[in-house]
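> The structure under discussion is supplied below as structure tokens; questions concerning it will follow.
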Amino acid sequence: MSLSKNLKELHGADRQRFLDSFDLVFCDCDGVVWYPLRDFIPGSARALAHLQSLGKRLTFVTNNSISSPEDHIEKFARQGNLKIEEHQIVHPAQTICDHLKSVEFQGLIYCLATAPFKQLLQAAGFQLAQESGPVVIKSLRDLHEAIFDGEPVQAVVIDVDFNMSAAKLMRAHVQLQNPQCLFLAGASDMLIPFGQGEIIGPGAFINVVTESVGRQPVVLGKPGDALRQVLLQRHPDIPPQRVLFVGDSLASDIGFARASGYQTLLVLTGGTKATDVSRLPANHPQLPDYVADCLGDLVDSD
Amino acid sequence: METRGKPQHILQLSEEQRDRFVGSFDRVLSDIDGVLWSMEYTVPRAVDGYAALQRAGKEVSFVTNNSVRTMEQCLRHFEKLGLQVAPEQVWHPAQSIVLYLRDIQFEGLIYIIASAPFKAVLREAGFQLLDGPNEFIEESYQSLAKTIFDHQPVRAVIIDVDFNLTSPKLLRAHMYLMRNPECLLIGGATDRLLPVAKGVNIIGPGPFASILVEASGRQAVTLGKPGRELGELLIKHLKIAEPQRVLMVGDMLAQDIQFGRQCGFQTLLVLSGGCSLEQLQAETSPDLLPDYYADSVADVAQLLGETPKAHV
């Protein structure tokens, strides 16, 4: 027995009351709107169009900086026939870029992330440090070179890096010994749904640095506190209880959203199974208010 | 119940305490890095300490977490310092893992994240290893999927120090553990931080092994210090009947001292490596507090040199 309400069981006036209870929807993308890096999930485009027609404001909050905002917008248009604008997409590369601008950051950045993430920072005028030392490390001397020989940096940024390595994390750790060096993190999921199961996420690697340095990063991806503040400040006119947060991850979406006092809807099209939800006790910080098999259930009430 | 006082400096013992201490152990298990030498220096006169121990009839073995060098390199280093050490006297994770796998009659494929010398030890012992990817992958989920989803029947994942450790290797290891609930997870060195120079630490292998433990929810069999399984292996293979008559010597509280305490050995911390006097004095956990401490193993030579010969 789940303590969360299933959207399918909301009919008539109950469903109307639910739809009237929020003005703004924060919506995850991978595992909610579309299958990770693939096609739209059946029904989700219609549900999003329905929300738009009801006058709900829509903002997509994704941890995916691997696809650029342009890619996202094009995918919404081509596959979903939805008109989404760039400012409606919140993702770590952008929130980190905005943060660096807001603190008037100057200096060199050691950025452990994908190429599109790095390009976004470079396009905004930020300078990124090069890797140092040989590609394959054969000796302690090589390792020393990789860790210590690069230029000193004033910020370390960590997000998803397909080729994250011990040497990169060691260099980040050494640079962060300097208390002036900023420590920023993007996507921080410990595990990411992928294929039939889950794979180790960027959060695990960020934690290696956090524990070694003894200092917490400013986390501007889900489920980071700094991102929570950014989201709360985006719509100061809308009280948190009139926001619906939709996601597929208990830790990265539901727990994250509940900490801000948003209403929460978990969809089962991503990494979470119905039994994962029914296991949760009443006061669990990741217990969603609502559960749906898919985003399409927002429209279909049969 | 045994009550333990504060750690005592071995050169500040009274004559009676000293005699009792010297007579209280027959066997010494000693760490190497930070005790005899480090990446940057040789600990002055440390070899004199071991020579004195051997003259006093104590059996000396070395237990290191370092499998990055070959056994030959290690023995040559001892020899250069004037100490004759036989291969049987040196225990390191690669070799301990071989012994452990033989003890449990392990058969099957192993996926391994470790250095070349480490892998060579396992291959020479006849084990079948998978590793890699040994180059960076293309930045896409498609190429990641190709790299980490593999259907070969891996029955053990082994992780130790790998200078070229990457996330695809860890993700691949995690997949094997999730696919096969029987798949063993075996770790070697556990150090969270490795001292490479005075006041300079780099991230050690421990946090990477921890990623696999946390992601898989599986306990690791640990055959580096302070692993419980290493202790059992040593006690069995060295036929240690009375653990309290063994003295563990090392420079790291979390590795050497904790390991010694866990095994019921006496413990001696030397301040020639990864732990300063201030760090020792600040330590409060009884699991990490040594019985004795010394500036370096050279102090042991002085301790024994002043011991009356009459002692049997």
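From first to last, the protein sequence lines are chains B and X. Okay, so the first sequence: first residue is 1 according to full-length UniProt numbering, each after it adds one. Okay, so the second sequence: first residue is 1 according to full-length UniProt numbering, each after it adds one. Quick reminder that beta carbons are idealized off the backbone N, C-alpha and C, glycines included. Just so you know, these numbers come straight off a predicted model, no measurement behind them.
Taking 8 Å as the CB-CB cut-off, is alanine 310 (chain X) touching chain B?
Residue placement at alanine 310 (chain X) is flagged as unreliable, the pLDDT there being 41, under the threshold of 50; a coordinate-derived value is accordingly withheld.
> As an exercise, report each continuous beta strand (DSSP E) stretch of at least 3 residues that is fully enclosed by the region 193-220 of chain B, in chain order.
As far as the region 193-220 of chain B is concerned, its whole beta strand (DSSP E) runs of at least 3 residues are 197-200.
> Under 8 Å, CB to CB, which of the residues in the region 142-168 of chain B have a partner in chain X?
Cβ contacts with chain X: Asp142, Leu143, His144, Ile147, Asp161, Phe162, Asn163, Met164, Ser165, Ala166, Ala167.
> Please state the DSSP three-state secondary structure of tyrosine 292 (chain X).
Strand at tyrosine 292 (chain X).
> Sort out for me which residues DSSP pairs serine 278 (chain B) with in a bridge.
Paired residues: none, contrary to the question.
> Which stretch, first to last residue, makes up the beta strand (DSSP E) that contains glutamate 59 (chain X)?
Per DSSP, glutamate 59 (chain X) belongs to the beta strand (DSSP E) from 59-63.
> Threonine 222 (chain X) touches chain B at which residues, Cβ-Cβ below 9 Å?
Under the 9 Å cutoff, chain B gives no residues; its nearest Cβ is about 18 Å from threonine 222 (chain X).
> Check the Cβ of histidine 173 (chain B) against every Cβ in chain X and list those closer than 8 Å, keeping chain order.
Ordered by position in chain X, the residues that pass the 8 Å Cβ test against histidine 173 (chain B) are Ile202, Ile203.
> Name the DSSP bridge partner or partners of residue 320 (chain B)?
The shown model of chain B, from 1 to 302, leaves out residue 320 (chain B), and the question about it has no answer.
> Could you check where the beta strand (DSSP E) with threonine 59 (chain B) kicks off and where it finishes?
First-last of the beta strand (DSSP E) with threonine 59 (chain B): 57-61.
> Give the residues of chain B in contact with threonine 166 (chain X), contact being defined as C-beta atoms less than 7 Å apart.
What threonine 166 (chain X) touches in chain B: Asn163, Met164, Ser165.
> Rounding to the nearest angstrom, what Cα-Cα distance links valine 249 (chain X) and alanine 259 (chain B) in this structure?
Their Cα atoms are separated by approximately 49 Å.
> Give the interface partners of alanine 115 (chain B) over in chain X, defined as CB-CB distance under 7 Å, in chain order.
The contacting residues are Glu139.
> Under three-state DSSP, which class holds aspartate 33 (chain X)?
In this structure, aspartate 33 (chain X) counts as strand in the three-state DSSP scheme.
> Please determine, among B:Gln122, B:His144, B:Ala124, the residue with the shortest C-alpha to C-alpha distance to serine 132 (chain B).
The residue with the shortest Cα to Cα distance from serine 132 (chain B) is B:His144.
> Find the nearest neighbour of phenylalanine 76 (chain B) within the set B:Leu100, B:Leu58, B:Asp225, judged by alpha-carbon distance.
Of the candidates B:Leu100, B:Leu58, B:Asp225, the one whose C-alpha sits nearest the C-alpha of phenylalanine 76 (chain B) is B:Leu58.
> Could you tell me which of B:Ala187, B:Val160, B:Thr272 sits nearest to serine 249 (chain B), measuring between CA atoms?
That would be B:Thr272, whose Cα lies nearest to the Cα of serine 249 (chain B).
> So, is the C-beta of aspartate 33 (chain X) closer than 8 Å to a C-beta in chain B?
Taking Cβ atoms only, chain B never reaches closer than 8 Å to aspartate 33 (chain X), which makes this a no.
> Give the DSSP-derived three-state secondary structure of arginine 17 (chain B) in the structure shown.
Three-state DSSP puts arginine 17 (chain B) in a helix.
> Can you check which of these residues, X:Ile10, X:Val28, X:Arg4, is closest to isoleucine 235 (chain X) by C-alpha distance?
Looking at the Cα atoms, X:Val28 is the closest of the given residues.
> Quick one: is lysine 222 (chain B) buried, meaning 16 or more other Cβ sit within 10 Å of its Cβ, or exposed?
Classification of lysine 222 (chain B): buried, given that the 10 Å Cβ count is 16 or more.
> Which residues in the same chain as tyrosine 35 (chain B) place their Cβ atom closer than 8 Å to its Cβ, once the five residues preceding and following it in sequence are excluded?
Closer than 8 Å at the Cβ level, and outside the excluded window around tyrosine 35 (chain B), lie Ile41, Thr269.
> What alpha helix (DSSP H) runs, 4 residues minimum, are completely inside the region 33-109 of chain X?
Entirely contained in the region 33-109 of chain X, the alpha helix (DSSP H) runs reaching 4 residues are, in chain order, 46-55, 71-80, 93-103.
> Glycine 199 (chain X): buried (16+ other C-beta within 10 angstroms of its C-beta) or exposed?
When all chains shown are included, glycine 199 (chain X) counts as exposed.
> Is there a C-beta anywhere in chain B that falls below 8 Å from the one on proline 93 (chain X)?
False, the Cβ-Cβ gap to chain B never drops below 8 Å.
> From the beta carbon of phenylalanine 136 (chain X), is the nearest beta carbon of chain B less than 8 Å away?
Yes, contact with chain B.
> One question on the structure: do glutamine 255 (chain X) and threonine 166 (chain X) come within less than 8 Å of each other, judged by their Cβ atoms?
No, the Cβ-Cβ distance between glutamine 255 (chain X) and threonine 166 (chain X) is not below 8 Å.
> Note down, in chain order, all residues in the region 22-34 of chain B with a beta-carbon under 7 Å from any beta-carbon belonging to chain X.
Residues passing the 7 Å Cβ filter: none.
> Cα separation between arginine 172 (chain X) and aspartate 150 (chain X)?
Answer to the nearest angstrom: the Cα atoms are 8 Å apart.
> Could you check the C-alpha separation between glycine 204 (chain X) and proline 87 (chain X) for me, to the nearest Å?
Rounded to the nearest angstrom, the two C-alpha atoms are 26 Å apart.
> If the criterion is Cβ atoms closer than 8 Å, does the pair threonine 70 (chain X) and valine 90 (chain X) meet it?
No, the Cβ-Cβ distance between threonine 70 (chain X) and valine 90 (chain X) is not below 8 Å.
> Using 8 Å for Cβ pairs, my map puts histidine 174 (chain X) next to alanine 215 (chain X). What's the rounded Cβ distance?
That pair is a contact at about 5 Å.
> According to DSSP, is glutamine 128 (chain X) part of a helix, a strand, or is it coil?
Looking at glutamine 128 (chain X) - three-state DSSP - the assignment turns out to be strand.
> For a contact defined as C-beta to C-beta under 9 Å, what are the partners of methionine 252 (chain X) on chain B?
Per Cβ cutoff of 9 Å: no residues; methionine 252 (chain X) is ~16 Å from chain B at best.
> Give, in chain order, every unbroken run of the beta strand (DSSP E) that is at least 3 residues long and sits entirely within the region 234-258 of chain X.
Here the runs fully enclosed are 246-250.
> Who are the Cβ neighbours of cysteine 74 (chain X) in its own chain at under 7 Å, not counting the five residues just before and after it?
The answer, listed in chain order, is Val90.
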